[in-house]
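Data first, discussion second: the structure below is written as structure tokens.
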Amino acid sequence: MIGGVGEFNLIARLTSNLASGAGIALGIGDDAAVLAPRPGHHIVATIDGQVEGVHFRRALSPAHAVGYRSIVTNLSDLAAMGADPRWVLVALTLPADLEIAWIDEAYRGMGDVLARFGGAIVGGNVSRSGRDIVIDVTAVGEVPAGKALTRAGARPGDAIVVTGSPGRSAAGLALLLDPSAADIPAPTRQRLIEAHFYPIPRIAIGKALGETAIATSAIDISDGLSADLGHILAASGVGATLDLDSLPADDDVATFASAVGRDAIDLTLTGGEAYELLFTCRPADVGRALALIRDAGVSAHPIGVIDDTNALTVRGNGGHARRLGGHDHFGVRGME
């Protein structure tokens, strides 16, 4: 149990095998880390957390996946800014009766994602909770000066593009919460659950979109495609027309939706925690954008156009009306 180890012994245990990284003038062991950013770069910082009972259930989520996701949620924010992950701070709030093997595995998940996508843990904190696990992560990245992507650059006429298949994580979560769902082949079930446990932060794609200045705005899909598109529209002061017939069609999501009576389009539009990128670009740059994303081994789809209406118009899907979850600032103007 964590309570029998003691705070300082636990810190020593968790940090003993951490990989080092570039740009660390002074790492773990002092009151604070001393970091050395590269010349000509701006610092990009973000924070996110995983709270037991809100973001995961211990009985359903492997510790490795919880640790992995605690890092990915932050790296995905950096990807949306076009930034390169560099340094990470981890704050743990843990119940005293937690098995030490659980936190060992969570840290192994953190290390695995950082080894794959970049960055190093340079500090953190450990404290005691009454019952639930809380993992708060601060990630710091770098972006070449003047190359950061933001939500605020979309302009009328821009194409709206999304990477990957945003509905997979939501379908995987639904299967975790209700494993009794019938008529879903085991391989499909496993792939969807893996998509939820182990999302891929689109670091390379975000960096390429920023360095080439192809993207005019960008955001990661953590709250759902429709909600996060709303954030771009609000920040940019524009509207959009969304073509439902152009949304990514995913066979596993379609299989799941058919088996449980869900709407595959709704999963794609409103399912959160996908950690794909949603971005806009000028029409002449769509081909270049799709090519660089394909070069990274990822699919991408143009799904709409930015306009000057300050509203969201939804077209396609046979004209069926639907509620777009998460749109607090933009009403659905019409269906065709």
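Residues in the sequence shown are numbered consecutively from 255, following our numbering.
Ideal Cβ positions, reconstructed from N, Cα and C, are used throughout, including at glycine.
Can you tell me whether residue i is helix, strand or coil according to DSSP?
i	result
H485	helix
E306	strand
D499	helix
E530	coil
A550	coil
I256	helix
T404	coil
P453	coil
E261	helix
G541	helix
T269	helix
T563	coil
A435	coil
P410	coil
A350	coil
R587	Because the pLDDT of R587 is 40, which lies under 50, any placement of that residue in the model is unreliable, and the number read from its coordinates should be weighed accordingly. Three-state result, R587: strand.
S274	coil
Name the two residues that bound the continuous alpha helix (DSSP H) containing residue i.
i	result
I357	354–371
L430	422–431
T460	The question names Thr, but residue 460 is Gly in the sequence shown. Taken as a continuous stretch (DSSP letters only), the alpha helix (DSSP H) holding G460 covers 457–465.
I389	Where I389 is concerned, there is no enclosing alpha helix (DSSP H), although the beta strand (DSSP E) it sits in stretches over 388–398.
S512	505–514
Which residue's Cα is closest to the Cα of residue i: the options?
i	options	result
S383	D539, A350, E359	A350
A279	H309, R340, A481	R340
D646	A266, I301, G303	Outside the shown range of the chain, which is 255 to 590, sits residue 646, and nothing can be said about it.
A240	L329, I387, G378, G526	The question about residue 240 has no answer here: the residues shown for the chain are numbered 255 through 590.
V507	T522, T392, G493	T522
A313	R422, I387, I301, M364	I387
R409	A554, T495, N571	T495
A565	A528, G491, F510	G491
I325	R292, E396, S434, Y452	Y452
G294	A449, G400, S480, T442	G400
V376	A287, F510, H555, S500	A287
G336	I468, G515, D505	I468
V298	L268, S330, A276, G275	S330
L332	L446, D499, R443, R405	R405
L346	L429, G407, Q304	Q304
A554	P502, D561, R569, G515	P502
D549	I282, G407, A462, V344	A462
L352	A402, N271, G258	G258
P420	D432, I557, E465	I557
A489	D517, S471, E396, G411	S471
A276	T269, S500, T392, E396	E396
P291	A334, F310, D338, V391	D338
L479	D520, D390, L544, R311	D520
D407	I354, T269, T509, G493	Position check: residue 407 holds Gly in this sequence, whereas Asp was assumed. Cα-wise, what sits closest to G407 is G493.
R443	L429, P398, H485	L429
G373	T300, T327, A273, E448	A273
Quick check on the DSSP output: the beta strand (DSSP E) that includes residue i runs from which residue to which?
i	result
R569	566–569
L280	278–280
S471	469–474
T417	413–417
I519	From DSSP, I519 is part of no beta strand (DSSP E) but of the alpha helix (DSSP H) over 518–524.
R382	374–383
Sequence ranges, alpha helix (DSSP H) only - wholly within the stretch 284–341, length at least 4: Qualifying alpha helix (DSSP H) stretches, in chain order: 317–334.
The stretch 357–372 / the stretch 312–322 touching (three or more Cβ pairs under 8 Å): The stretch 357–372 vs the stretch 312–322: in contact.
Three-pair Cβ contact test at 8 Å for the stretch 415–430 versus the stretch 531–544: Touching, yes, given that three or more Cβ pairs across the two stretches are closer than 8 Å.
Validate contact between the stretch 425–439 and the stretch 540–560 using beta carbons, cut 8 Å, 3 pairs: Of all C-beta pairs linking the stretch 425–439 to the stretch 540–560, fewer than three are shorter than 8 Å, placing the two stretches out of contact.
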